[in-house]
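For the numbering used here, count along the sequence shown from 1 and bump the result up by 98.
Glycine residues also receive a C-beta, built at the ideal position from the N, C-alpha and C atoms.
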Amino acid sequence: MNFIKPFIISGIIFLVLDICWLFFANKKIYQTNIGNLMGDFKIVPAIIFYIIYLVALTFFVLMPGLEKNSVGYVLFSGALLGLVCYSTYDLTNLSSLKNWSLTVTIIDIIWGTFVSSLSN
């Protein structure tokens with residue numbers, strides 16, 4: 099199956115969900131808990147992250163799930179990849195940054211697991 103079409107479709111779903119989440123969670127969660135660590139938004143690193151992450155989701159989750167014709171595989175594998183990737187980021191920050199929040203860590207890992215599963 100063609101890689102581009104699933105990449106674009108899952109990318110749109112992921113971006114819409116993540117942008118909605120970030121607008122909702124920014125003040126209530128992120129600014130409240132780690133506002134002192136936040137700087138100005140930088141679009142280029144964000145775009146690079148989304149491209150890399152969506153390539154990984156498409157390659158490791160969506161394409162094998164389509165080959166297997168298994169929604170269960172896609173949901174589970176997406177959740178697992180989200181758990182691994184978001185845990186890597188959040189737990190590294192929790193272990194190495196002075197004022198990183200446990201609350202943000204827990205919420206962000208749950209969000210990453212959920213959005214990575216659902217966007218495929």
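Look up ASP138 in the DSSP assignment and say whether it is helix, strand or coil.
coil
So, with DSSP's three-state summary, where would you put LYS196?
coil
Determine whether the beta carbon atoms of ILE132 and ASN218 lie at a separation below 8 angstroms.
no
Label PRO162 either buried or exposed according to how many other C-beta atoms from any shown protein chain fall within 10 Å of its C-beta, with 16 as the threshold for buried.
exposed
From SER168 to ALA177, what distance separates their C-alpha atoms?
14 angstroms
In terms of residues, what are the limits of the alpha helix (DSSP H) holding PHE101?
It is not in any alpha helix (DSSP H) - PHE101 carries neither H nor E in the DSSP assignment.
List the endpoints of the continuous alpha helix (DSSP H) containing LEU160.
Where LEU160 is concerned, there is no enclosing alpha helix (DSSP H), given that its DSSP letter is neither H nor E.
THR156 and PRO104 closer than 8 angstroms at C-beta:
yes
Are the beta-carbon atoms belonging to VAL142 and LEU160 less than 8 angstroms from one another?
no
Note down the Cα distance separating ILE205 from ILE102, rounded to an integer number of angstroms.
31 angstroms
Distance, Cα to Cα, ILE145 vs GLU165?
28 angstroms
Note down, in chain order, each residue of its chain lying with its Cβ closer than 8 angstroms to the Cβ of LEU115, except the 5 sequence neighbours on either side.
VAL213, LEU216 and SER217
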